[in-house]
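Engineer:
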Amino acid sequence: MRKIFNLLPECFVDTNLIEYLLDAAVNHQHCCSKVVGALNSTFAEGFAVGIIDKDKVELGYIRECDEIAKTAHLTLMKHKTRPQYLITIQPAVDRFVLDCAITQDVDTNAFGIPSDLKGFTKLSKSVTSNTDSRFKHLFAAIKDHAEIVALKQTLTYLNTTQYEADVKELRLLFRQQAAAGATGAAFG
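First residue of the sequence shown? That's 169 in the numbering used here, and the numbers climb one at a time after it.
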């Protein structure tokens with residue numbers, strides 16, 4: 169499996185989702201502050217994409233970014249001076265995935281995953297959730313959800329274009345998903 173070092177998800181189920189979407193291993197970090205730390209040190213002047221939950225305390229790094237586009241759960245930002253991007257998932261990946269499943273009429277229980285937020289979160293916080301095949305099967309069932317498609321297309325585009333990424337093109341990727349039927353999404 170190819171490895172994409174400059175994609176930095178913060179938690180285990182985020183890592184599982186991103187690896188499923190891109191069919192590649194990514195540079196898992198253990199928390200928001202580690203993602204931001206890597207952006208500020210390892211990738212200080214280089215291209216990178218951080219993926220964090222929005223339910224945490226706002227990080228100073230976010231103030232250094234401009235919002236590019238937004239859906240009901242996803243916000244895409246670009247650092248003002250660096251070739252770096254940040255995607256926040258609101259309020260967190262567990263609620264995002266559950267909402268996508270509900271919208272797609274997918275019963276998470278069919279995959280051995282609790283359908284209530286508390287149970288889902290408890291399972292998703294386990295160390296093994298980054299490789300848990302139950303989540304991969306769930307992601308396969310919700311892969312056509314507009315926000316999942318927007319996330320995949322955005323990450324694929326950024327990974328392909330890196331330093332040449334165009335903000336207008338990124339906005340268009342999000343808007344195309346709105347036109348494809350994202351319900352309840354506000355696009356910026």
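Even for Gly, the Cβ is constructed at its ideal location relative to N, Cα and C.
So what does DSSP say about C199, is it helix, strand or coil?
Structural biologist: If you number the sequence shown from 1, residue 199 lands on position 31. DSSP places C199 in coil when its eight states are reduced to three.
Engineer: Is it buried or exposed for F173, if we count other Cβ within 10 angstroms and need 16 for buried?
Structural biologist: Indexing the sequence shown from 1 puts residue 173 at position 5. Under this definition F173 is an exposed residue.
Engineer: With a threshold of 6 Å on Cβ separation, who are the neighbours of Q252 within its own chain once the five nearest residues in sequence on each side are excluded?
Structural biologist: Residue mapping note: residue 252 aligns to position 84 of the sequence shown, counting from 1. Same-chain partners within the cutoff: L207 and A216.
Engineer: Measure the CB-CB distance between T239 and A318 and report whether it falls below 8 Å.
Structural biologist: In the sequence shown, the residue the question calls residue 239 occupies position 71. In the sequence shown, the residue the question calls residue 318 occupies position 150. Yes; because the gap between Cβ atoms is below 8 Å, this pair is in contact.
Engineer: Under 7 Å Cβ to Cβ from Q321, same chain only, skipping five residues before and after it: list those, please.
Structural biologist: As a working note, residue 321 is residue 153 in the sequence shown. The answer, listed in chain order, is L341.
Engineer: Am I right that C200 and I220 are in contact with their C-beta atoms under 8 Å? What's the rounded C-beta distance?
Structural biologist: Counting from one through the sequence shown, the residue named residue 200 turns up at place 32. Counting from one through the sequence shown, the residue named residue 220 turns up at place 52. Confirmed, about 5 Å.
Engineer: Buried or exposed for Q197, going by 16 or more other Cβ atoms inside 10 Å?
Structural biologist: The sequence position of residue 197 within the sequence shown is 29, counting from 1. When all chains shown are included, Q197 counts as buried.
Engineer: Within the continuous beta strand (DSSP E) that includes Y253, where are the two ends?
Structural biologist: In the sequence shown, residue 253 corresponds to position 85, counting from 1. Segment Q252 to I257, the beta strand (DSSP E) holding Y253.
Engineer: Select from I236, H247 and T210 the residue whose C-alpha is nearest the C-alpha of L227.
Structural biologist: Along the sequence shown, read from residue 1 onward, the residue named residue 227 stands at position 59. Checking every option, the nearest Cα to that of L227 belongs to H247.
Engineer: Give the range of the beta strand (DSSP E) segment to which C268 is assigned.
Structural biologist: Here residue 268 is taken as the residue at index 100 of the sequence shown, counted from 1. Not the beta strand (DSSP E): C268 falls in the alpha helix (DSSP H), residues V261 to T271.
Engineer: Per DSSP, G172 forms a beta bridge with which residues?
Structural biologist: As a position in the sequence shown, residue 172 is number 4, starting the count at 1. Correcting the residue identity first, residue 172 is Ile in this sequence and not Gly. In the DSSP output, where bridge partners are listed per residue, I172 has V194.
Engineer: Going by the beta-carbon positions, is the gap between D262 and T243 smaller than 8 Å?
Structural biologist: Stepping through the sequence shown from its first residue, residue 262 is reached at position 94. Stepping through the sequence shown from its first residue, residue 243 is reached at position 75. The answer is no: Cβ separation not under 8 Å.
Engineer: How would you write the range of the beta strand (DSSP E) that E235 sits in, first residue to last?
Structural biologist: The residue given as residue 235 occupies position 67 in the sequence shown. C233 to K238 is the extent of the beta strand (DSSP E) around E235.
Engineer: Can you have a look at E315 and say buried or exposed, based on whether 16 or more other CB atoms are within 10 angstroms of its CB?
Structural biologist: Taking the first residue of the sequence shown as position 1, residue 315 is located at position 147. By the 10 Å Cβ count, E315 comes out buried.
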